[in-house]
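Undergrad: Residue numbers (this note's numbering): 47 to 274.
#1: Using the beta-carbon count (16 or more within 10 Å), is residue 143 buried or exposed?
#2: Can you tell me whether residue 152 is buried or exposed, with buried defined as 16 or more other CB within 10 angstroms of its CB?
#3: To the nearest whole angstrom, what separates the beta carbons of residue 82 and residue 114, a pair I think is in contact under 8 Å?
#4: Under DSSP, the alpha helix (DSSP H) around residue 167 begins and ends at which residues?
#5: Got a sec? Which residues, its chain only, sit under 8 Å from residue 145 by beta carbon, not counting five neighbours each side?
#6: For a test of the three-state rule: what should DSSP assign to residue 109, helix, strand or coil?
#7: Which two residues bound the contiguous alpha helix (DSSP H) that contains residue 88?
#8: Just the C-alpha distance for residue 94 and residue 198, rounded to the nearest angstrom, thanks.
#9: With residue 176 as the anchor, note down where its beta strand (DSSP E) starts and where it stops.
#10: Quick one: using the 10 Å Cβ neighbour count with 16 as the cut-off for buried, is residue 107 buried or exposed?
#11: Under DSSP, the alpha helix (DSSP H) around residue 138 begins and ends at which residues?
#12: When the Cα of residue 102 is compared with those of 76, 92 and 125, which residue comes out closest?
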């Protein structure tokens, strides 16, 4: 059997499982901010205040859940500012839209209101928002602080997601390999005879190449690979 390098792990994950637009920090030269607020005055004030932070900021505004949803689908954002009181929904529902979005789930959500209710703030924080503030608190210094904090927030969110992805990948491969082994042993065949089937399964997941294969690469003494 031809010996090759060990099966890649982290570097091949994107090929093995679908990755929904993952980004662990700012993607470009500016902070991309999405504002959801039905008050045109507050939209303009927040936009001007963001521009006064001295940071490169690209702000997009939306006045309704429909516009908000379209903006989420159209681009990726680093920070999302959500007004809790909305004519067609509420801020907590909008926060869930962000966190369940395939492209914008790592974005840092900031809940805001003219008078932030304690119960809303608690629930929003429990759901994973970066902060919950009265709109009057969103001055230049506070917005600058939130922009900088969003970088760490994005990195931590993405790191957690990657960890979960790797864990799922490991379990899926272990289950597939274990099934192949059980099937072959049921027919009294030696494990070595299923190398090609294991290779085909791993190649289908983008974890190896058909012409570069080492069966020892899938033998791991730690669960869940301890199938022998």
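Don't be surprised by glycine CBs; every beta carbon is placed ideally from N, CA and C.
TA: A quick look at the data gives this:
#1: buried
#2: buried
#3: With a Cβ gap of about 5 Å, residue 82 and residue 114 count as contacting.
#4: 164 to 172
#5: 151, 155, 173 and 174
#6: coil
#7: Residues 86 to 97.
#8: 24 Å
#9: Counting along the chain, residue 176 falls outside any beta strand (DSSP E), and DSSP gives it neither H nor E.
#10: buried
#11: Start and end: 137 to 145.
#12: 76
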